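The sequence shown lines up with residues 347 to 614 when you count with our numbering.
Ideal Cβ positions, reconstructed from N, Cα and C, are used throughout, including at glycine.
All of these numbers come straight from a predicted model, not from anything done at the bench.
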Amino acid sequence: TVRDAAALLDCFAIPQIGDPFLIPKPEEAYASLARKPARKLRIGLLTGPLAGVTTDAEVKAAVEAAGRKLAELGHWVEPAEADFGGLAAMHKLLDVWFFNFHARLDGYAARTGRKPGPDTLEPVILKLYEYAKSVTGPTFMQRLLDLNGMRRKLGEFYARHDIWLSPTTARVAEPHGHYNLGRADVSFETLVEQLFAVPCQFCLPHNIMGTPAMSLPLAMHSTGLPIGVQIAGRPADEHTVLQLATALEAAMPWASRTANMHVSKASG
């Protein structure tokens with residue numbers, strides 16, 4: 347439940363000694379704030395291909411239904427756009443994510459006596475290992491500047507809106523094994539698209555900006571899988587996201603839905 351998420355956030359949103367960044371926290375507990383109604387909000391609805399991935403029709407319909415419900419609850423909802431650079435930006439972010447990745451694996455190798463190679467690493471991991479060797483210090487520093495530019499482009503969205511409403515993922519969950527790290531036939535470019543663009547194009551902006559986001563299972567796909575609808579807010583505005591999520595949970599409840607294979611359906 348949203349209440350559980352708010353309580354968990356209260357437990358973990360506690361600054362630790364030496365933390366380099368501190369996020370302002372309201373004086374009142376998130377679990378308490380989540381029960382209060384949200385103020386009237388300007389909500390931007392996004393379903394477009396942020397990184398070239400077209401949103402599944404049923405997923406898009408679920409987000410639009412959530413938008414209509416929020417409008418009924420008194421919020422201003424309008425179509426919106428955001429831009430962080432798309433697939434090209436994801437390729438740049440790889441340099442940030444995997445900078446010095448090879449050194450980490452080399453450290454494991456030194457401790458275990460097993461060298462990184464096709465006998466010890468799955469093909470996809472081996473490709474990332476080799477790729478990491480090519481990311482130089484100057485390249486990494488340039489990517490940090492690029493990342494700052496992405497943040498500022500995405501920040502323009504919050505100059506016009508209080509809340510981001512989008513799919514969590516453009517498609518429902520793929521079958522087990524779809525993102526197979528053992529595929530040697532996949533090019534690095536295809537790998538980036540399959541592992542990052544398809545599942546992450548709507549989540550990545552909040553990773554880039556550090557903004558609070560939450561996925562809610564507001565609908566079901568014809569395949570029998572849940573559809574995640576994502577709401578996100580401005581930096582340090584976790585309580586507003588929780589308040590809006592609480593309202594949606596009451597208006598579009600999901601507690602009665604369970605998977606076909608669920609402990610509640612066990613017999614004997």
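Look at the beta carbons and you see the region 538 to 550 not touching the region 418 to 425: under three pairs across the two are nearer than 8 Å. Distances from the CA of residue 504 to each of 357, 600, 356 and 577 were compared; the closest alpha carbon is that of 577. Non-local beta-carbon contacts of residue 355 in its own chain, meaning distances under 6 Å to residues more than five positions away in sequence, involve 376 in chain order.
Scanning 373, 382, 402 and 379 for the CA closest to the CA of residue 568 turns up 402. Exposure of residue 363 is indicated by the presence of fewer than 16 other C-beta atoms within 10 angstroms of its C-beta. Taking all protein chains in view, the Cβ of residue 605 is surrounded by fewer than 16 other Cβ atoms within 10 Å, so the residue is classified as exposed.
With respect to the 8 Å criterion, residue 428 and residue 392 are classified as neighbours on the basis of their beta carbons. Taking 8 Å as the cut-off, the Cβ atoms of residue 481 and residue 534 do not count as close. Nearest in C-alpha terms to residue 484, of all of 367, 507, 441 and 571, is 441. Runs of beta strand (DSSP E) with 3 or more residues, each lying fully within the region 405 to 469, are found at 422 to 425, listed in chain order. In the three-state reduction of the DSSP assignment, residue 480 falls in the coil class, being assigned neither a helical nor a strand state. Exclusion of the five residues before and after residue 479 leaves 448 as the residues of its chain whose Cβ lies within less than 7 Å of its Cβ.
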